[in-house]
């Protein structure tokens, strides 16, 4: 597609429910990132994929958070047993990757999925 | 651990003014720095990307400078317009790892 696409744009969940957020990166972009953005704050890193490999998941706040990118394209961020503190905008970004896997280019963001946990 | 701060947190200016937004980072071992714009309820749009070997980048009315040794970058907006109203964020990528660390942003309002 022309840009990074995320769905759903808005999700309301009851505390304890599981949610799944989808990201379609720009075609051909090897690198994919998930960020969490609380109201009035900058995005906080969650996890990074290079193709299907999850190379960094150091930002995932707990083991309730799980991300996958099984075929190196679409990615899903899953949050199990949602809590109120999970309420935030979840942003996906993709980037082309240069030689040797080093990111030299821009980050391209989707519009985000706003999660509200009641 | 890299920390990024932005000053001011919010700024309100009349249309036509030139303005400067500031970004500071604690670890000067960066690979590149990127400035973004975020409109309410939207994702981030890349404005300018500066590689660590560069001192500045320009795009239209925007100019971004980078001083790695002092851990600072500035975004200069010339002849501001109401359409420039948004939150501006800077992000730095270190030499190790692929993560970009973001600042909290500066919320800009340009009044007609």
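Protein chains in written order, with this note's numbering: chain A, 2 to 119; chain B, 7 to 118. The beta carbon of each residue, even a glycine, is placed where N, CA and C say it ideally should be.
Taking 7 Å as the threshold (C-beta atoms), are residue 72/B and residue 41/B in contact? Contact: no.
Please list the residues of the stretch 52 to 78 of chain A that have a C-beta atom closer than 9 Å to any C-beta atom in chain B, keeping them in chain order. Taking 9 Å as the cut-off between beta carbons, the residues of the stretch 52 to 78 of chain A near chain B are 56, 57, 59, 60, in sequence order.
Sheet register partners of residue 36/B (DSSP bridge): Beta-bridge pairing links residue 36/B to 100/B.
Any C-beta of chain A within less than 8 Å: which residues of the stretch 65 to 99 of chain B qualify? Listed in sequence order: 95, 97, 99.
Measure the alpha-carbon distance for residue 8/B versus residue 12/A and round it to whole angstroms. Whole-angstrom Cα-Cα distance: 32 Å.
Taking Cβ positions only, does residue 100/A come closer than 7 Å to chain B? Residue confidence is low: residue 100/A scores 47 on pLDDT, short of 50, so the model does not pin down where it sits. No coordinate-derived value is stated.
Ordered along the chain, which non-local residues of its own chain (more than five positions away) have a Cβ less than 8 Å from that of residue 57/B? Here the set comprises 37, 38.
Taking just the CA atoms, how far does residue 84/B sit from residue 33/A? Residue 33/A and residue 84/B have their C-alpha atoms spaced approximately 33 Å apart.
What does residue 108/B touch in chain A if you count any residue whose Cβ is under 7 Å from its own? Residues of chain A passing the Cβ test: 43, 44.
Using a 10 Å radius around the Cβ and a threshold of 16 neighbouring Cβ atoms, would you call residue 59/B buried or exposed? Residue 59/B sits exposed, since fewer than 16 C-beta atoms from the chains shown fall within 10 Å of its C-beta.
Going by C-alpha distance, which of 117/A, 95/A, 108/A, 112/A is nearest residue 26/A? For residue 26/A, the nearest C-alpha among the options comes from 95/A.
Roughly how many angstroms separate the alpha carbons of residue 86/B and residue 96/B, rounded to a whole number? Between the alpha carbons of residue 86/B and residue 96/B lies a gap of roughly 19 Å.
Does the stretch 12 to 32 of chain B come within contact of the stretch 67 to 80 of chain A, defined as at least 3 CB pairs closer than 8 Å? By the Cβ rule, the stretch 12 to 32 of chain B does not count as touching the stretch 67 to 80 of chain A, because fewer than three pairs are nearer than 8 Å.
Which same chain residues, not among the five before or five after residue 89/B, have their C-beta less than 7 Å away from its C-beta? Within the same chain, residue 89/B has no close Cβ partners at all.
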